[in-house]
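Q:
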Amino acid sequence: MNTETRRIVLTSHAPKPIGPYSQAIQVGQFIFCSGQIGLRPDTGVLVGADVESQTRQVLENLKAVIESAGCALSRVVKTTIFLKSMNDFPKVNEIYAAYFKDSPPARSTVEVSRLPKDVLVEIEAIAQI
488 MNTETRRIVL
498 TSHAPKPIGP
508 YSQAIQVGQF
518 IFCSGQIGLR
528 PDTGVLVGAD
538 VESQTRQVLE
548 NLKAVIESAG
558 CALSRVVKTT
568 IFLKSMNDFP
578 KVNEIYAAYF
588 KDSPPARSTV
598 EVSRLPKDVL
608 VEIEAIAQI
C-alpha cells in the first residue's frame with residue numbers, strides 16, 4: 488500500500504482554527520485548505536460587516552496558509568465559495584478575480600443558510616505544489 492506523507496499546515500499569518508480542524512493538510516503534492524472566513528489573524532475579530540472587506544480578508548488568509556506550505560495562489564486548482572447570499576456574487580467575483588488573474592482555478596459557488604460566526608463568505612481551496 489502506497490501511503491503519502493500527511494503534514495499539518497499551520498501559520499500565525501492566518502486565523503487560528505475555531506474548531507477541531509487544521510488550517511490545511513498537505514498530502515503529497517497537494518494542499519487541502521480548510522474554509523477561511525474574514526477574521527484578522529492578529530485579533531481573531533471579523534474585519535467588517537460588508538462582503539467586500541470579508542472577501543479580501545478571506546483571500547489574504549487563504550494566501551497566507553498556502554504560502555506557509557511553500558506554495559502560491561497561482562497553484563490553486565480548485566476553490567469552493569460559500570455565500571450567505573447569491574446577491575453578493577458579483578462583488579465577491581470581482582475581488583476574487585483580482586487574486587486569480589491568470590489561469591483561474593476550477594470553482595464552485597453555493598449559497599448557504601448560515602456560516603461560522605455569521606460571516607457573509609467562506610472560501611476553501613486545493614493547491615498543487
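Per the numbering used here, residue 488 is the first one in the sequence shown, and the count goes up by one each step.
Where is the CB? At the ideal position from N, CA and C, for every residue including glycine.
(1) Please list the segments of the alpha helix (DSSP H) lying wholly inside the stretch 539-596, counting only runs of 4 or more residues, in order along the chain.
(2) Applying the criterion that 16 or more other CB atoms from any shown protein chain within 10 Å of the CB defines a buried residue, is Ile553 buried or exposed?
(3) DSSP state of Met488, grouped into three classes?
(4) Considering only their Cβ atoms, is the gap separating Ala511 from Ala556 smaller than 8 angstroms?
(5) Suppose you measure from the CA of Gln615 to the CA of Gln516; what does that come to, to the nearest Å?
(6) At the level of alpha carbons, what is the spacing between Gly531 and Ser499?
(7) Could you give the C-beta distance for Val538 and Leu602, rounded to a whole number, given that I count them as a contact under 8 angstroms?
(8) Rounded to the nearest angstrom, what separates Met488 and Val514 at their Cα positions?
A: Short version:
(1) 576-586
(2) One-based indexing of the sequence shown puts residue 553 at position 66. The residue in question, Ile553, is buried, as its Cβ has 16 or more Cβ neighbours within 10 Å.
(3) Looking up residue 488 in the sequence shown gives position 1. Caution applies to Met488, whose pLDDT of 41 falls short of 50 and renders its modelled position unreliable; the model cannot decide the point.
(4) Position 69 of the sequence shown holds residue 556. Position 24 of the sequence shown holds residue 511. Yes.
(5) One-based indexing of the sequence shown puts residue 615 at position 128. One-based indexing of the sequence shown puts residue 516 at position 29. The alpha-carbon atoms of Gln615 and Gln516 are separated by roughly 6 angstroms.
(6) To locate residue 531, count along the sequence shown from 1; it is residue 44. To locate residue 499, count along the sequence shown from 1; it is residue 12. Approximately 11 angstroms, taken between the alpha carbons.
(7) For this step, residue 538 is matched to residue 51 along the sequence shown. For this step, residue 602 is matched to residue 115 along the sequence shown. Not a contact, Cβ separation roughly 11 angstroms.
(8) If you number the sequence shown from 1, residue 488 lands on position 1. If you number the sequence shown from 1, residue 514 lands on position 27. Unreliable positioning characterises Met488 in this predicted model, as indicated by a pLDDT of 41, which lies under 50. The coordinate reading is nonetheless provided below. Roughly 15 angstroms separates the two Cα atoms.
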